[in-house]
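Participant:
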Amino acid sequence: MNALDRYTLEDLLEWIVIGLLIVVGVLVALWLAGWVMVFLGKLFLAVAALIVALLKFLIPALLIAGVLYLILRALSKPQTAA
Numbered sequence: 001m002n003a004l005d006r007y008t009l010e011d012l013l014e015w016i017v018i019g020l021l022i023v024v025g026v027l028v029a030l031w032l033a034g035w036v037m038v039f040l041g042k043l044f045l046a047v048a049a050l051i052v053a054l055l056k057f058l059i060p061a062l063l064i065a066g067v068l069y070l071i072l073r074a075l076s077k078p079q080t081a082a
């Protein structure tokens, strides 16, 4: 007795259709995941550009503020009589 004799043609067609539906479902899930990854990539690029723009402004501003702080601190020290 052959293993395929247990199944009718209708059973085999049902399994083929179920398999195809699963394949289509997986492909749709991968397609949606691809769009989500593209969106996240663009979002991360925008955040990175914002951080770079802020750092281009903040690093020189903080350096100037630090130098001014050191100058004012040095000027405000009480002079010791020698």
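Take the sequence shown: its position 61, counted from the start at 1, is 61 in the working numbering, and no numbers get skipped. Think of the CB as a built atom: it goes at the ideal place given N, C-alpha and C, for glycine as much as any other residue. If you're wondering where the values come from, they're calculated on a predicted model, not measured in any experiment.
What is the DSSP secondary structure of Y69, counted as helix, strand or coil?
Facilitator: Helix at Y69.
Participant: Could you give the distance in angstroms between the alpha-carbon of V52 and the alpha-carbon of A33?
Facilitator: Between V52 and A33, the C-alpha separation is close to 28 Å.
Participant: Would you kindly work out how many angstroms separate the C-alpha atoms of S24 and V47, rounded to a whole number?
Facilitator: The sequence shown places Val at residue 24, not Ser. Straight-line Cα distance between these residues: approximately 35 Å.
Participant: In angstroms with no decimal places, state the Cα-to-Cα distance between A49 and L9.
Facilitator: For A49 and L9, the distance between alpha carbons rounds to 60 Å.
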